[in-house]
Every structure is written in C-alpha cells, then in structure tokens.
Amino acid sequence: MVGKIYGTGSCVPSRVMDNNDMAKIVETSDEWIRERTGIERRHIIEDETTSYMAGQAALRAVEQSGIDPAEIDMVIVATSSSETIFPCAACEVQKTVGAVHAAAYDLNAACTGFVLAFNSAQAYISAGIYRTILVVGAESMSNMIDWTDRGTCILFGDGAGAVLLRAEEGTPVCMAAHSDGIKGEALTQLSRHRKGWEQEENKESCMHMDGQAVFKFAVRKVPEIIEEVLEKADAKLEDIDYFVLHQANRRIIEAVAKRLKTDLAKFPMNLEEYANTSAATVPILLDEINRKGMLQRGQKLMLAGFGAGLTWAACLFEW
Ligand code: COA
Numbered sequence: 006m007v008g009k010i011y012g013t014g015s016c017v018p019s020r021v022m023d024n025n026d027m028a029k030i031v032e033t034s035d036e037w038i039r040e041r042t043g044i045e046r047r048h049i050i051e052d053e054t055t056s057y058m059a060g061q062a063a064l065r066a067v068e069q070s071g072i073d074p075a076e077i078d079m080v081i082v083a084t085s086s087s088e089t090i091f092p093c094a095a096c097e098v099q100k101t102v103g104a105v106h107a108a109a110y111d112l113n114a115a116c117t118g119f120v121l122a123f124n125s126a127q128a129y130i131s132a133g134i135y136r137t138i139l140v141v142g143a144e145s146m147s148n149m150i151d152w153t154d155r156g157t158c159i160l161f162g163d164g165a166g167a168v169l170l171r172a173e174e175g176t177p178v179c180m181a182a183h184s185d186g187i188k189g190e191a192l193t194q195l196s197r198h199r200k201g202w203e204q205e206e207n208k209e210s211c212m213h214m215d216g217q218a219v220f221k222f223a224v225r226k227v228p229e230i231i232e233e234v235l236e237k238a239d240a241k242l243e244d245i246d247y248f249v250l251h252q253a254n255r256r257i258i259e260a261v262a263k264r265l266k267t268d269l270a271k272f273p274m275n276l277e278e279y280a281n282t283s284a285a286t287v288p289i290l291l292d293e294i295n296r297k298g299m300l301q302r303g304q305k306l307m308l309a310g311f312g313a314g315l316t317w318a319a320c321l322f323e324w
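Just so we're on the same page, this note's numbering is the position in the sequence shown counted from 1, plus 5.
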C-alpha cells in the first residue's frame, strides 16, 4: 500500500511585508534581497498562531479530500515554532478538524520536517499500520528571528500547508533521509524554555545562521539525495515531472537544477511570495500547484527538504 494524496490545503497570514517594508527595519534593499534570494514578499502573523494556521490548512485538505475526519488515523505536524510545547500542535489540529479517532504528535526537524513527516506517514501506510494520515507543516518563523539581523530576518515568513494521505495500491514510494549533527552550529535556535534563558538578552534566544555554510550544504546535499532516491527507485531524472523543493532561496534551487542538468521549469517556486516558511514551504507549494491544476494522477513528484540539524530528506512518489 502507498499513501495517495487525496487533498491539500494551506493557510498564510493576511499581513504582507514586502522587501521595502524590510528596508525600513534593517539596512537592506529590495534589489539586494531579490538578487541574492529571489524573495519579494513574506506573510507575517498578527493574531494568528502556528496551530491555528496548521488547523486551517488541515481543514482545507480534509475538505478537498471528501474524507470523513473521523476516518483519520493519525495527525503529524512538522513544526519547530508552535506557540505551545504541549498540547502539541497536532492535537490542536485533531481538535480543529474533528479527527476524533486519530493519534497525534509533532515532529521537529526544522525545514526538513515536512518531508520527514511525509516519509514517516508513508512508512506507517506501507507497513499496514494506518490507512489515513494528515501531514501538516506549520511555522511562525517571525517569532524566532532576530529582527535586527539583516542576514536572517529577510529570509523567513509564516504559514502552514497540509496533505491528507489515504492508503491505496500503487507504485512503491521511495525515500531517503540523513543528518549531520557535527555541522549543527551552522543554523541554531535556542529554546526559550531552558534554564537561565530569562537572564539573556532576547537576541541570544534568536536564530543564528552561517548563511554561506548552509548555502553550500544545500547545493551539495540536495542533488546527492535526489540521485540516491532515484537509484533506489531504479528511476531516471527524466521520469520526474516536478521537483518540489524546500523554498529557501531561488539561487539554491537554480544551482540544484543545474547540478542535475534538469530544466528549471520542473522546479516550481513560490518563495517570491512567502519566503522561507521552514517546514511549511513544501506543503504550501504542493497545495498551490495542485489547486492550479498542474498535477495529474500518475505524475512523478520528488520532494526534497533541507535545513537545521543539519538534516535533509527526499521522497519520490506518484501523484
Ligand atoms: N541586505 C544587504 N546586505 C546584506 C544583507 C541584506 N539583507 N545581508 C547580508 N548583507 C551583506 C553582508 O553583510 C555582506 O557585507 P560585507 O561584504 O560588507 O561583509 C554582504 O552582504 C555579503 O554577505 P554574504 O553573507 O556573503 O551574502 P551571500 O551572498 O552569502 O547571501 C544569504 C547571504 C543569507 C542570502 C545566503 O548566504 C543564503 O541564502 N544562504 C542560505 C540560507 C538559507 O537558506 N537558510 C535556511 C536554510 S533552511
């Protein structure tokens, strides 16, 4: 059995901050941000929370699927920025959608979180443990970043995306995942719940990133893991209809396409509108291309995520 996507959904805050708005906060410019990242705007929470956006994205996925929420066996929310440690965001989503029979838990693997959650759901389905699984990626990155650090604050946005998987007969799903804790210092976010955090300046608790190290890691490891998955699946690059990559930076995606010698047109992007929403980028993009009518049953999709940890993961499946 494989998990087929029956429904997708997304939710982003209505408040938009464009690059010119960012230039009022830190020393930067629309031109610099566009050239180095491809980002034009990002959606930033006001009253919304991570689990609220997760719930709304999930409701839309469930609605599109036509599946009774009582049939959902499990809810997994990939997030590292929930407004509550417990109850977990997945239990909030369970409540919102009425998935009364589901088990629910959160998974934290930063920007790789959604692809790992998707892989986990596929493994449960393939093992025959569960039949219907809701997988969500949701983040409020604006609560984590140092709004005085122009090297990071311009890169991120808030939002959530969701997919509803249902077990069916089909071509096996192929996946891979890796981590490198030794290089973890390249991208860190301390917890505000550890001992002594109250004495620190707020800045210490914010995200720290070595941008160039993360950039180099991504352009090397993403093509590698895509090739690893293709080899496992005995498939070729040409077989893939779309590469749905984590939306961190346009130049990273262009470099991956170039390394794989694959047409950039097969790499849909929406980072100009939402920036990097961490675990939410892949499901928001999936929802967008699905609702645009770009996807047909039988097409082959490659998902790939990468980020803090360092972590990276990929999944090849048929739509
Ligand atoms: N506006 C204007 N100038 C900026 C700036 C900004 N927002 N951010 C940094 N700069 C400056 C730097 O201070 C530096 O100035 P200097 O030469 O006087 O020291 C200059 O621009 C170049 O900085 P550098 O860090 O070398 O730029 P870069 O080309 O590596 O681009 C990133 C920076 C962050 C856009 C890029 O490294 C990147 O995208 N990395 C990956 C990050 C990522 O995706 N993280 C999440 C992964 S999940």
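Glycine included, each C-beta is placed from N, C-alpha and C at the ideal position.
N- and C-terminal bounds of the beta strand (DSSP E) containing D35: One-based indexing of the sequence shown puts residue 35 at position 30. Where D35 is concerned, there is no enclosing beta strand (DSSP E), although the alpha helix (DSSP H) it sits in stretches over 35-42.
Less than 7 Å separating the beta-carbons of A95 and V80? Position 90 of the sequence shown holds residue 95. Position 75 of the sequence shown holds residue 80. By the CB criterion at 7 Å, A95 and V80 fall inside the cutoff.
Are there 16 or more other CB atoms within 10 angstroms of the CB of G133, so buried, or fewer, so exposed? Walking along the sequence shown from the start, residue 133 turns up at place 128. Classification of G133: exposed, given that the 10 Å Cβ count is below 16.
The alpha helix (DSSP H) spanning I130 covers which residue range? Position 125 of the sequence shown, counting from 1, holds the residue named residue 130. It spans 118-131 - the alpha helix (DSSP H) in which I130 sits, taken as one unbroken run.
Look at the Cβ atom of D239, then the Cβ atom of K305, and state whether they are nearer than 7 Å. Numbered from its first residue, the sequence shown carries residue 239 at position 234. Numbered from its first residue, the sequence shown carries residue 305 at position 300. Taking C-beta atoms as the reference points, D239 and K305 fail to come closer than 7 Å.
Is the beta carbon of R155 within less than 6 Å of some heavy atom of the ligand COA? Within the sequence shown, residue 155 is the residue found at index 150, counting from 1. Yes, the ligand COA has a heavy atom inside 6 Å of this Cβ.
Let me know the secondary structure DSSP gives A319 once reduced to three states. Residue mapping note: residue 319 aligns to position 314 of the sequence shown, counting from 1. Looking at A319 - three-state DSSP - the assignment turns out to be strand.
Straight-line Cα distance separating G298 from G71: Residue numbering aside, residue 71 sits at position 66 when the sequence shown is read from its first letter. Residue numbering aside, residue 298 sits at position 293 when the sequence shown is read from its first letter. Answer to the nearest angstrom: the Cα atoms are 18 Å apart.
Please give the ranges of any beta strand (DSSP E) in the segment 212-276, keeping only runs that are unbroken, at least 3 residues long and fully inside the region. Taken in chain order, the whole beta strand (DSSP E) runs of length 3 or more contained in the segment 212-276 are 247-250.
Do A114 and T316 come within 7 Å of each other at the CB atom, strictly closer than that value? Mapped onto the sequence shown, residue 316 falls at position 311. Mapped onto the sequence shown, residue 114 falls at position 109. Their beta carbons are under 7 Å apart, which means T316 touches A114 by this criterion.
Taking S34 and M146 to be in contact with their CB atoms under 8 Å, please state how far apart those CB atoms are, rounded to whole angstroms. For the purposes of this step, residue 34 is taken as residue 29 along the sequence shown, with counting starting at 1. For the purposes of this step, residue 146 is taken as residue 141 along the sequence shown, with counting starting at 1. That pair is no contact at about 21 Å.
Please find out if some non-hydrogen atom of the ligand COA comes closer than 6 Å to the beta-carbon of F220. Position 215 of the sequence shown, counted from the first residue, corresponds to residue 220. Yes, Cβ of F220 sits closer than 6 Å to a heavy atom of the ligand COA.
Any idea what DSSP makes of I50, helix, strand or coil? The residue given as residue 50 occupies position 45 in the sequence shown. Coil.
Excluding five sequence neighbours on each side, which residues of the same chain lie with their C-beta closer than 6 Å to the C-beta of E51? In the sequence shown, counting from the first residue as 1, residue 51 sits at position 46. The beta carbon of E51 sits closer than 6 Å to those of R20, all from its chain and outside the five residues before and after it, given in chain order.
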